[in-house]
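Novice: Residues in the sequence shown are numbered from 408 upward in steps of one, following our numbering.
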Amino acid sequence: MSAIFKREFGNYFCSFIGYAFLTIFVLVTAIYFSLYNVLSLSPDYHLILSNVVIVLLILVPIITMRLFSEESKQKTDQLLLTAPVKVYEIVLAKFFAASALFAMGLIITLIFPIILSFFGNVPTGQIISAYVGFFFMGMCFIAVGIWVSSLTDNQVVAGIGTFGILFVLFMIEAIGKGVPEGRNYGCGLAILICIIIGLFVYNSVNNIKYSVISGGVFFVIGLIVFFVKPEFYDTFLYNFVMSFAVISKFSKFMLGIFDFTTIVYYITFAAGFIYLTVRSVDKKRWS
């Protein structure tokens, strides 16, 4: 696993990708720093990171699009998959390599709040909290990018696909406001989720019996909830959509609130897409 990590991290600097990411990320942060802190004489550096989020929609696809798609295109993925290493170790190594590059960019930008501290008091707690939240949010974006990269052998498709998903996550609050409310919509979504779970299990184990049982179990649970607390489904569709509000949850960290619940949410979100990536790569291994 460490060998794969070193190779992937080194590859970023054997090409222009690593340098381009760091340059653009630091440059954009510097521009916001100049506008919001230097020219406006504001000590609130932590607010800059909320504006830099939109840049990640472009930069994350760039650093993740080739992680699996390039190897699949060049057929070198088969060499990797036949190596004495588990699939999840391959996925994690690539994920950590991209995350390390992202962390490097964040560390470099720490120079800006340090410079700011020479000219007065800065909200250190809020800045640290914002950086921690920003890092975990970035890891979620990276997990999405790696998953998309594992689905195709075309880097451009992987990049555009990742950008598309991240843009939807960016707009999720606006989408949530347009989601219809009502018990029928909630029940319909619950049934759809049961079907998806059944199909996912079938795709994983290729056994119709386990697929039906899995979907059936969740259907029964949903039925029990309907009879015990039917109002749960009144806002179920809205709550489901807002469960993907990765970016809006970052606002707590900007306020200096180190929310452990949100950290767990980010880790769970990233782990979910890492698992999907493992399933996608593992399927290629036996195809």
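For each residue, glycine too, the CB sits at the ideal point set by N, CA and C.
1) Hey, would you say T675 sits closer than 8 Å to V498, going by beta carbons?
2) Do you know whose CA, among E580, F667, M578 and W554, lies nearest R686's CA?
3) Kindly confirm or deny that the stretch 421-437 and the stretch 503-521 touch, where touching means at least three C-beta pairs closer than 8 Å.
4) Helix, strand or coil for F428 per DSSP?
5) Give every residue of the same chain whose Cβ lies closer than 6 Å to the Cβ of Y419, excluding the five residues on either side of it in the sequence, and list them in chain order.
6) Would you decide whether A678 is buried or exposed? Buried here means 16 or more other CB atoms lie within 10 Å of its CB.
7) Which class does A652 belong to by DSSP, given the choice of helix, strand or coil?
8) With distances taken Cα to Cα, identify the nearest neighbour of L592 among K656, I567 and N646.
9) Suppose you measure from the CA of L442 to the CA of G527; what does that come to, to the nearest Å?
10) If we call anything under 8 Å between Cβ atoms a contact, is I681 one with F548?
11) Name the residue from F412, D689 and F416 whose alpha carbon lies nearest to the alpha carbon of S696.
12) Going by beta carbon distance, what residues of the same chain come within less than 7 Å of H453, once the five residues before and after it are set aside?
13) Does DSSP put G527 in a helix, in a strand, or in coil?
14) Would you mind working out which of E638, L606 and G629 sits nearest E588, comparing C-alpha positions?
15) Distance check for C601 and G623, CA to CA, integer angstroms please.
Specialist: In terms of the structure at hand:
1) no
2) W554
3) yes
4) helix
5) G425 and L508
6) exposed
7) coil
8) The amino acid at residue 592 is misidentified as Leu; the sequence shows Tyr. Taking only the C-alpha atoms, the option nearest Y592 is N646.
9) 17 Å
10) no
11) Nothing can be reported for residue 696: it is not among the residues displayed for the chain, which extend from 408 to 694.
12) P530, Q533, I534, A537 and M661
13) coil
14) E638
15) 7 Å
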